[in-house]
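K.L.:
Structure in structure tokens, see below.
Number of protein chains: 2
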Amino acid sequence: MENWLKKRIALSPTKLAVVTPETKLTFRELGDLVSKQMGLLAKLVKKGTHVGVLTNNNLTGYSLILALQQLGCVIVLLNKRLAAPELQYQLADAEVELLIYEDDLALVDLTGLEMVSFSELANQTSEACQGLAEFKPDEVTTIMYTSGTSGRPKGVCQTYNNHLYSALGSALNLGLTTEDNWLCVAPLFHISGLSIMMRSLIYGMTVTLLPKFDADEVMRYLVAADITAISVVPTMLKQLLALGQSSLNPAFRFFLLGGGPIDKPSLEKCQAQGWPVIQSYGMTETASQVVALSFNDAANHLGSAGKPHFFIQLKFASDGEIMLKGPNISPGYYHQALKNQRTFVDGWFKTGDIGSLDQDGYLYVKGRKGDMIISGGENIFPREIEDCYLKLAAVAEIVVAAKEDAKWGQVPVAFIKLKEDISREKLVTYGRKFLAHYKVPKEFYLVTDYPRTASGKIQRYKLLAQLAKLQKIV
Amino acid sequence: MENWLKKRIALSPTKLAVVTPETKLTFRELGDLVSKQMGLLAKLVKKGTHVGVLTNNNLTGYSLILALQQLGCVIVLLNKRLAAPELQYQLADAEVELLIYEDDLALVDLTGLEMVSFSELANQTSEACQGLAEFKPDEVTTIMYTSGTSGRPKGVCQTYNNHLYSALGSALNLGLTTEDNWLCVAPLFHISGLSIMMRSLIYGMTVTLLPKFDADEVMRYLVAADITAISVVPTMLKQLLALGQSSLNPAFRFFLLGGGPIDKPSLEKCQAQGWPVIQSYGMTETASQVVALSFNDAANHLGSAGKPHFFIQLKFASDGEIMLKGPNISPGYYHQALKNQRTFVDGWFKTGDIGSLDQDGYLYVKGRKGDMIISGGENIFPREIEDCYLKLAAVAEIVVAAKEDAKWGQVPVAFIKLKEDISREKLVTYGRKFLAHYKVPKEFYLVTDYPRTASGKIQRYKLLAQLAKLQKIV
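Chains A and B, in that order, are what the protein sequence lines are. Going by the UniProt record's numbering, 317 is the number at position 317 of the first sequence; the sequence numbering is gapless. Going by the UniProt record's numbering, 101 is the number at position 101 of the second sequence; the sequence numbering is gapless.
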């Protein structure tokens, strides 16, 4: 297969490739910057070297990732919020030989590998070198660690074909204009950010790269720049809604919403003010979205993640677990033969999510299989209970999890951040009005925050472990 | 890989799939019609059966081709203008076991295979059957015979991946809206027509299918229907231009121009009246266009075929022959091991065309390698001479070919259809003003028509064979 960057430079050299708050580069200029980075890297790496990258969202990190890809390195994208021991674990697990890190993300106490900061890299003597002649479709180009809401994080291998078919499947669902401009506020070390970079090469579209999500700043871009698309998670969309500015630039095409479910009122508000929201479902193992609503369906299927993309097959295990097959799907976790054997079965990836299709083939994701509560033989999904209690004025945030119970096996218990005081009795009475009896939490704990993974996902098992220390709402 | 038709029905059941002058079908309705055809075919074929199809452009033929694909047959698409002996040759060469033909295209004297007319097929007893569970990317789904301007036609094998990457490469170049509606006046038995059918399944776009090209009728559709694209050959575009109607429907996106070069004045006229023409280069062996101008380049590179699509690599043999590599390229001619060995070299397809790239990477196709005239060591392309003489008022049409010559090896001679009388002397004088001395034809023959292949391409070798019988212009 053609080398994407080389091909893109040949096809559209003068097209804008990357826009940052400081600068604008065409594909030819981006190519020159990447070549410069390759020159600096030439003595440090060779084809196949595992290179860790620790970067903020900026042009240096962007060009560095592309340069490592050109050199055929396996790029291990590291979450900048990881603590040193977590980072050390991932670096060892992924057999990283060289870590390149942005100066302000310096971490001490890492052992067993070479480390080069961005400023040290810039001072290397440059050496002429060539990018890959071709990309081999099934070769691994990136490894990303899943956040691991339970257990240790696993390194997800992603091939060129994984990224390619992710981009193509998305284009077939969302359409593709040669003038698209995708606003990237997702971190480049997440698949949501990296997939925008890959799409840029494949579609020839512009990426507008911001260092982080700041609602006011993002809104300024959506209104005043020719942004056509943005990937958001629910909290971002809610913050943008809260600004009360509904009119976006006329070229704007859609919000691609991933990273979990959003409440219906927010979706309805978007709909009312004419914001096209494409709900989607995907993960690191599927190289970004693989199920999404289409434009025409977006308005009529609020709450559904949509239909599986053109290249993706979907079925369910007997317990309702969502299984996926297609060229987007990772070949597996790095060095995890046993885990892979259980997770990738006959070409089908077991997602760990429970869901169902409605009669028209739209997917509804109910929750993580591991989060499911089995109480007296009944399956309970925390999300349903959480959604219900969020409508209560006193409740700011709520997480429901399974507590072991001698009589029922498990029972649901709730961990609540309150806006105002409320009694257990009122909470129970409210729940019984809207939920089956067995779904109403047996206990309500008061919390001020939730334990989270580096990528912000709540770790229910940690909540349950500190149960004895928490204050009960009485 | 997902079965495209099944997947498309699942993704967009209520979207319009095919529009003909008589009817409109959604993808679900098209699926039902295809299922019906499959039921009628079930007793006659099995997976892998080679089935010839002889049809006009209509819904029966359209659904029949899709039905045969669903059943995993190898579909041999036959040119309805072939004479019985030509047809007999192709049927035998492709090892066709069953020929399904439209009643009004009935041909006598065919032997060695089963024949079923459309009306006979409609009277078969139906049998329930399933479409393929998956498409195997490298399996051959269609065979089409190249027109063979010299020698016997060869059966070009086309795989699912050939068609898929043709569609995807085209989408990446031309953009893709989920509301595209492609007007198909190209015959379904040509790659230009069939590729529109395949794109429809992959993009989910509507195909508006007309029985044939009629300039007035096509213009009515371009103006009044929501057509966004049409594939045309130069003569069609010229006929449309001649109608003097420049204002098309507002959703119209482009004319995709294939099937050889067009004169610059016509392109300039299109440009002046705001008709977006995407010039392209491709052939049966590449499953449609593989090189095309992009929108942004169309205006500035009149006469170029553009840049190779995203998945396509291009290089030149030492004699300037264009060579192509990529997933669009046919795995080879059916049962032609020797020919394949010469034509498909290390994954590179030798096109038989001579061309060059300009400094910005745009392809200019000079002509067929076999048509090139070598005179006293100089390479001469007929097209350059023909283009020059076409500007002369007296010349209606002209074809230039190589005549053997004792002194120069070969010399160019011209076959002209005249609008008005003109002397040899004036023709020579005119030529010398604009062309190098050795390029001016040594002889000018008067003709009233040209020998052509079934697909309308001029057969120079037949012209040369009848040289002695023709009248010279003196």
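Where is the CB? At the ideal position from N, CA and C, for every residue including glycine.
What are the residues of the segment 357-368 of chain A that lie near chain B, defined by any Cβ-Cβ distance shorter than 7 Å?
P.N.:
For the segment 357-368 of chain A, which is checked against every Cβ of chain B, the residues closer than 7 Å are GLY361.
K.L.:
Take B:PHE27 and list the residues in its own chain whose beta-carbon comes closer than 6 Å to its own, dropping the five residues that flank it on each side.
P.N.:
In the second sequence, counting from the first residue as 1, residue 27 of chain B sits at position 27. Only ARG8, ILE9, SER12, PRO13, LYS15 and ALA17 meet the Cβ criterion.
K.L.:
To be precise: take each residue of the segment 3-19 of chain A, compare its Cβ to all Cβ atoms of chain B, and keep it if any distance is under 9 Å. Which residues remain?
P.N.:
Listed by position, the residues of the segment 3-19 of chain A near chain B (Cβ gap below 9 Å) are TRP4, LYS7, ARG8, ALA10, LEU11, SER12, PRO13, THR14 and LYS15.
K.L.:
Determine the DSSP secondary structure at A:TYR334, reduced to helix, strand or coil.
P.N.:
Walking along the first sequence from the start, residue 334 of chain A turns up at place 334. A:TYR334: coil per DSSP, three-state reduction.
K.L.:
Looking only at its chain, what residues have a beta carbon closer than 7 Å to the beta carbon of B:VAL440, apart from the 5 residues adjacent to it on each side?
P.N.:
In the second sequence, counting from the first residue as 1, residue 440 of chain B sits at position 440. So the qualifying residues of the chain are VAL428, GLY431 and ARG432.
K.L.:
So A:ASP346 is in the beta strand (DSSP E); what residue range does that whole segment cover?
P.N.:
Within the first sequence, the letter at position 346 stands for residue 346 of chain A. Note, A:ASP346: premise wrong, no beta strand (DSSP E); not H, not E.
K.L.:
Under the three-state reduction of DSSP, which class applies to B:VAL400: helix, strand or coil?
P.N.:
Position 400 of the second sequence, counted from the first residue, corresponds to residue 400 of chain B. If DSSP states are grouped into helix, strand and coil, B:VAL400 belongs with the strands.
K.L.:
Hey, B:SER192 and B:GLY258 are a contact pair by Cβ (cut 8 Å); roughly how many whole angstroms apart?
P.N.:
Mapped onto the second sequence, residue 192 of chain B falls at position 192. Mapped onto the second sequence, residue 258 of chain B falls at position 258. About 6 Å separates the two Cβ atoms, so the contact holds.
K.L.:
Using only the alpha-carbon positions, how far apart do A:PHE310 and B:SER231 sit?
P.N.:
Within the first sequence, residue 310 of chain A is the residue found at index 310, counting from 1. Within the second sequence, residue 231 of chain B is the residue found at index 231, counting from 1. Whole-angstrom Cα-Cα distance: 25 Å.
K.L.:
So is B:SER294 in contact with chain A if we call contact Cβ pairs under 8 Å?
P.N.:
In the second sequence, residue 294 of chain B corresponds to position 294, counting from 1. It does: the Cβ of B:SER294 has a partner Cβ on chain A nearer than 8 Å.
K.L.:
Looking at the secondary structure, which residues open and close the alpha helix (DSSP H) in which A:CYS270 lies?
P.N.:
Residue 270 of chain A sits at position 270 when you count from the first residue of the first sequence. Taken as a continuous stretch (DSSP letters only), the alpha helix (DSSP H) holding A:CYS270 covers 264-272.
K.L.:
Tell me, to the nearest whole angstrom, how far the beta carbon of B:LEU241 is from that of B:LYS269; I am working on the premise that it is less than 8 Å.
P.N.:
As a working note, residue 241 of chain B is residue 241 in the second sequence. As a working note, residue 269 of chain B is residue 269 in the second sequence. Right, their Cβ atoms sit about 6 Å apart.
K.L.:
Can you tell me the Cβ-Cβ gap for B:GLY409 and B:SER375, rounded? I've got them flagged as a contact below 8 Å.
P.N.:
Walking along the second sequence from the start, residue 409 of chain B turns up at place 409. Walking along the second sequence from the start, residue 375 of chain B turns up at place 375. Right, the Cβ-Cβ distance comes to about 6 Å (below 8 Å), so this counts as a contact.
K.L.:
Under the rule that 16 or more other beta-carbon atoms within 10 Å means buried, what is B:ASN300, buried or exposed?
P.N.:
As a working note, residue 300 of chain B is residue 300 in the second sequence. Exposed.
K.L.:
I want to verify the contact list: residues of chain B whose CB lies under 7 Å from the CB of A:GLN313, in sequence order.
P.N.:
Stepping through the first sequence from its first residue, residue 313 of chain A is reached at position 313. In chain order: GLU2.
K.L.:
Taking Cβ-Cβ distances below 8 Å as the criterion, which residues of the segment 180-210 of chain B are in contact with chain A?
P.N.:
So the close ones are ILE202, TYR203 and GLY204.
K.L.:
Output yes or no for whether 8 Å exceeds the beta carbon distance between B:LEU91 and B:LEU71.
P.N.:
Mapped onto the second sequence, residue 91 of chain B falls at position 91. Mapped onto the second sequence, residue 71 of chain B falls at position 71. No, Cβ-Cβ distance for B:LEU91 and B:LEU71 is not below 8 Å.
K.L.:
Please confirm if B:ALA171 has its CB atom under 8 Å from at least one CB of chain A.
P.N.:
Here residue 171 of chain B corresponds to residue number 171 of the second sequence, with the count starting at 1. So, interface residue.
K.L.:
Less than 8 Å between the beta carbons of B:GLY274 and B:SER294, yes or no?
P.N.:
Counted from its first residue, the second sequence places residue 274 of chain B at position 274. Counted from its first residue, the second sequence places residue 294 of chain B at position 294. Against a cut-off of 8 Å, the Cβ pair of B:SER294 and B:GLY274 comes out as no contact.
K.L.:
Could you confirm whether any beta carbon from chain A is found closer than 8 Å to the beta carbon of B:THR178?
P.N.:
Residue 178 of chain B sits at position 178 when you count from the first residue of the second sequence. With 8 Å as the cut-off, B:THR178 counts as an interface residue toward chain A.
K.L.:
Can you find a C-beta in chain B that's less than 8 Å from the C-beta of A:LYS307?
P.N.:
Numbered from 1 along the first sequence, position 307 holds the residue referred to as residue 307 of chain A. True, the Cβ-Cβ gap to chain B drops below 8 Å.
K.L.:
Taking Cβ positions, are A:ARG342 and A:GLY367 nearer each other than 8 Å?
P.N.:
Along the first sequence, one-based indexing puts residue 342 of chain A at 342. Along the first sequence, one-based indexing puts residue 367 of chain A at 367. In this structure, A:GLY367 does not lie closer than 8 Å to A:ARG342 by Cβ.
K.L.:
If distances are taken between C-alpha atoms only, which option among A:PRO451, A:GLN471 and A:LEU470 comes closest to A:LYS462?
P.N.:
The residue given as residue 462 of chain A occupies position 462 in the first sequence. Selected option, being the one with the closest Cα: A:PRO451.
K.L.:
Between A:GLY282 and chain B, is the shortest Cβ-Cβ distance under 8 Å, so that the two count as touching?
P.N.:
By one-based count along the first sequence, residue 282 of chain A stands at place 282. Closer than 8 Å: no.
K.L.:
Should A:ASP214 go down as buried or exposed, given a rule of 16 or more other Cβ atoms within 10 Å for buried?
P.N.:
As a first step, residue 214 of chain A is located in the first sequence; it is residue number 214 there, counting from the start. With fewer than 16 other Cβ atoms within 10 Å, it is exposed.
K.L.:
Look at the alpha carbon of A:ALA84 and the alpha carbon of A:ALA106, and state the distance between them as a whole number of angstroms.
P.N.:
Indexing the first sequence from 1 puts residue 84 of chain A at position 84. Indexing the first sequence from 1 puts residue 106 of chain A at position 106. Each residue's Cα considered, the two are about 10 Å apart.
K.L.:
Considering only their Cβ atoms, is the gap separating A:GLU321 from A:LYS369 smaller than 8 Å?
P.N.:
Numbered from its first residue, the first sequence carries residue 369 of chain A at position 369. Numbered from its first residue, the first sequence carries residue 321 of chain A at position 321. In contact: A:LYS369 and A:GLU321 (Cβ atoms closer than 8 Å).
K.L.:
Using only alpha-carbon positions, find the residue among B:GLU386, B:ASP387 and B:MET372 that is nearest to B:ILE380.
P.N.:
Within the second sequence, the letter at position 380 stands for residue 380 of chain B. Taking only the C-alpha atoms, the option nearest B:ILE380 is B:MET372.
K.L.:
Quick check: what's the CA-CA separation for B:SER423 versus B:GLU443?
P.N.:
Position 423 of the second sequence, counted from the start, is the residue given in the question as residue 423 of chain B. Position 443 of the second sequence, counted from the start, is the residue given in the question as residue 443 of chain B. Distance between the alpha carbons of B:SER423 and B:GLU443: 12 Å.
K.L.:
Along chain B, in chain order, which residues have C-beta atoms closer than 9 Å to that of A:LEU168?
P.N.:
As a position in the first sequence, residue 168 of chain A is number 168, starting the count at 1. Within chain B, the residues near A:LEU168 are LEU168, ALA171 and LEU172.
K.L.:
Within the 8 Å Cβ cut-off, does residue 478 of chain A reach chain B?
P.N.:
Shown here, chain A extends from 1 to 474; a query on residue 478 of chain A therefore has no answer.
K.L.:
Which one of A:GLU2, A:LEU392 and A:SER318 has the shortest CA to CA distance from A:PHE135?
P.N.:
Residue mapping note: residue 135 of chain A aligns to position 135 of the first sequence, counting from 1. Measuring from the Cα of A:PHE135, the nearest candidate turns out to be A:GLU2.
K.L.:
Write down every uninterrupted run of the alpha helix (DSSP H) in the segment 233-305 of chain B whose length is 4 residues or greater and which is fully enclosed by it, in chain order.
P.N.:
Complete alpha helix (DSSP H) runs here, min 4: 234-242, 264-272 and 295-298.
K.L.:
Beta strand (DSSP E) containing B:THR146: first to last residue?
P.N.:
Position 146 of the second sequence, counting from 1, holds the residue named residue 146 of chain B. Neither: B:THR146 is in no beta strand (DSSP E) and is coded neither H nor E.
K.L.:
Check whether the segment 161-176 of chain A touches the segment 320-335 of chain A, counting contact only when three or more Cβ pairs, one atom from each stretch, lie closer than 8 Å.
P.N.:
Yes: at least three Cβ pairs fall under 8 Å.
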